[in-house]
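This report concerns only the one structure given below.
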Amino acid sequence: MIENFPGGAVFLFDEDLRYTLAGGQGLDEVGLSASDVEGARPHDLFPDDIARELAGYYRRAWAGEKHVFEQKLQGRCYRIQALPVRDETDVIIAGMAVSQDVTEQKKRERKLERQNDLFERAQEIASVGAWEYDVRSGETSMMTDEAYRIHGLPPSAELSPGRSIEFYHPDDRPAVREG
107 MIENFPGGAV FLFDEDLRYT LAGGQGLDEV GLSASDVEGA RPHDLFPDDI ARELAGYYRR
167 AWAGEKHVFE QKLQGRCYRI QALPVRDETD VIIAGMAVSQ DVTEQKKRER KLERQNDLFE
227 RAQEIASVGA WEYDVRSGET SMMTDEAYRI HGLPPSAELS PGRSIEFYHP DDRPAVREG
């Protein structure tokens, strides 16, 4: 199962932070094999800054803590979960690190952030706002900052369909209610 772990890697490590098991498709992506990793410590495999951070989280796993953090290696972004492995008596017997390549997800997030920023700037330039209304729940779920500004509302203002209808010209309200 570990050898075929998609998009990342799985590591087990002992109390000395020595890797006892390693596998996953992500090892190949960074030029490592299970045999390269097993028996080594983080400082044997990774640049000092990454190794120091890993060692800190690995020690915390041996102290019983679970942490999720991100690291960059060879131009890729990885989300790593470090956690203790316990036996049936709740004694920590190993540490585990699960690493997943989230580079593409991060790229999509940055692209969406850029698009949202452009959308907000376009609203400011055109002096228009936008809002979402959930027909099923009957609630306005979101208004853009520009929509709040146009209507003279603070961003913390609660919205409802009744209040939202007030934003329309009185002659247009019947059509909006039907729509």
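Positions in the sequence shown are counted from 1; adding 106 to them yields this note's numbering.
No residue lacks a Cβ here, since even glycine has one placed at the ideal position from N, Cα and C.
On a predicted model such as this, the values are computed, not experimentally measured, just so you know.
Does the separation of the CB atoms of residue i and residue j fall below 8 Å?
i: V136; j: Q177; result: no
i: A167; j: L133; result: no
i: R147; j: L127; result: no
Rounded to whole angstroms, what is the Cα-Cα separation between residue i and residue j?
i: I199; j: K212; result: 34 Å
i: M202; j: R165; result: 11 Å
i: L224; j: S139; result: 43 Å
i: E194; j: D207; result: 31 Å
i: S243; j: R279; result: 20 Å
i: E245; j: Y125; result: 52 Å
i: L259; j: S233; result: 15 Å
i: T209; j: R185; result: 9 Å
i: F92; j: H257; result: With the chain represented from 107 up to 285, any question about residue 92 goes unanswered, as that position is not in the structure.
i: I156; j: D150; result: 11 Å
i: Y239; j: I231; result: 24 Å
i: E215; j: P261; result: 24 Å
i: V191; j: H173; result: 13 Å
i: A281; j: K217; result: 37 Å
i: D154; j: R227; result: 42 Å
i: S270; j: W237; result: 10 Å
So residue i packs on residue j, CB below 8 Å; how close in whole Å?
i: E252; j: G235; result: 4 Å
i: F175; j: Y163; result: 6 Å
Figure out for me which residue from the options has the closest Cα to the Cα of residue i.
i: V116; options: Y163, Q187, P148; result: Q187
i: Y254; options: P276, Q229, Q131; result: Q229
i: G170; options: D196, A161, E159; result: D196
i: R182; options: V174, G114, I256, H275; result: G114
i: F119; options: E144, G130, R216; result: E144
i: S205; options: S141, K217, L160; result: L160
i: E264; options: M248, Q221, D142; result: M248
Let's see if you can read the secondary structure: which residues bound the alpha helix (DSSP H) around residue i?
i: G235; result: No alpha helix (DSSP H) contains G235, which DSSP labels as neither H nor E.
i: R255; result: 251 to 256
i: L133; result: 131 to 135
i: L288; result: What the structure shows of the chain is the stretch from 107 to 285, and residue 288 is not part of that stretch, so it cannot be assessed.
i: H149; result: 148 to 151
i: G162; result: 154 to 168
For the beta strand (DSSP E) containing residue i, name the first residue and the last one.
i: S141; result: No beta strand (DSSP E) holds S141; the alpha helix (DSSP H) holding it covers 140 to 143.
i: D207; result: 198 to 207
i: G114; result: 114 to 119
i: P190; result: 182 to 192
i: E176; result: 173 to 179
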